[in-house]
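Each residue of the sequence shown is one higher than the last, beginning at 2 in the numbering used here.
Working notes, beginning with the structure itself.
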Amino acid sequence: MERGMPAGGPGGVVTSQSPPFTVPMRYMLLGMAGFVLFAFDLAAQSIHLSGGGALLPAVIALTHLLTLGSLLSFIMGAVYQLATVAFLIPIASERSARLNFAAGAVAGSIVIALSVLGFVWQLQRVVHPKQVAKELRGHD
């Protein structure tokens with residue numbers, strides 16, 4: 002073995018328990034995508050935050066986007082890697098790991114889609130205040 006070379010070769014430590022590279026990497030990439038969405042949403046919501054609107058639904062959704070969309074994905078990827086390599090606990094099923102990722106990604110996509118629809122609906126109500134006032138009065 003060459004001097005300065007990791008124990009498992011050029012790719013790092015490799016054990017018989019190591020998961021396939023794609024298992025933790027899926028979560029890491031999803032976490033990065035969630036963080037990018039969070040950054041754009043933070044820029045869009047900064048006016049509410051500067052005005053003290055910390056309990057507005059859009060700001061609460063922003064918090065959930067960070068915690069569930071980004072941080073949870075990073076943690077899940079790290080757990081898949083850490084549990085298998087550091088603690089030498091094998092993954093019970095790579096298929097179940099893929100299904101777990103798919104279920105989380107689909108659920109997160111649905112939440113984001115509903116948030117966008119809510120934002121568009123809210124924007125339409127702000128853009129058309131006369132229509133809103135008319136609806137509140139109950140007239141056609």
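Positions of the beta carbon are idealized from the N, C-alpha and C atoms, including for glycine.
Quiz item: Based on Cα-Cα distance, which residue from G105, A108 and R99 lies nearest to P20?
Solution: Here residue 20 corresponds to residue number 19 of the sequence shown, with the count starting at 1. With distances taken between Cα atoms, P20 lies closest to R99.
Self-check item: Contact under 7 angstroms by Cβ, G70 with G119
Solution: Here the question's residue 70 lines up with position 69 in the sequence shown. Here the question's residue 119 lines up with position 118 in the sequence shown. No.
Quiz item: Expressed to the nearest angstrom, what Euclidean distance is found between the alpha-carbon atoms of A108 and T68?
Solution: Residue mapping note: residue 108 aligns to position 107 of the sequence shown, counting from 1. Residue mapping note: residue 68 aligns to position 67 of the sequence shown, counting from 1. So the two alpha carbons sit approximately 14 angstroms from each other.
Quiz item: Over what stretch of residues does the alpha helix (DSSP H) that includes F39 continue unbroken?
Solution: Along the sequence shown, read from residue 1 onward, the residue named residue 39 stands at position 38. F39 -> alpha helix (DSSP H) spans T23 to S51.
Quiz item: Between A40 and S116, which are expected to be in contact by the criterion C-beta below 8 angstroms, what is the C-beta distance as a whole number of angstroms?
Solution: Translated into the one-based positions of the sequence shown, residue 40 becomes position 39. Translated into the one-based positions of the sequence shown, residue 116 becomes position 115. About 15 angstroms; that fails the 8 angstroms criterion.
Quiz item: From S74 to G139, what distance separates their C-alpha atoms?
Solution: Indexing the sequence shown from 1 puts residue 74 at position 73. Indexing the sequence shown from 1 puts residue 139 at position 138. Taking the straight line from one Cα to the other gives about 46 angstroms.
Quiz item: So what does DSSP say about P20, is it helix, strand or coil?
Solution: Numbered from 1 along the sequence shown, position 19 holds the residue referred to as residue 20. It is coil, neither helix nor strand.
Quiz item: Using DSSP with H/G/I as helix, E/B as strand and the rest coil, what is L100?
Solution: As a first step, residue 100 is located in the sequence shown; it is residue number 99 there, counting from the start. DSSP places L100 in helix when its eight states are reduced to three.
Exercise. Within its chain, find whatever has a CB closer than 6 angstroms to the CB of L25; leave out the 5 residues flanking it on each side and keep chain order.
Key: Locating residue 25 in the sequence shown gives position 24, counting from the first residue. Correcting the residue identity first, residue 25 is Pro in this sequence and not Leu. Result list for P25: G78, Y81 and Q82, in chain order.
Quiz item: Between G32, R96, F22 and T23, which lies nearest to S110 when the distance is taken from Cα to Cα?
Solution: Along the sequence shown, read from residue 1 onward, the residue named residue 110 stands at position 109. It is G32.
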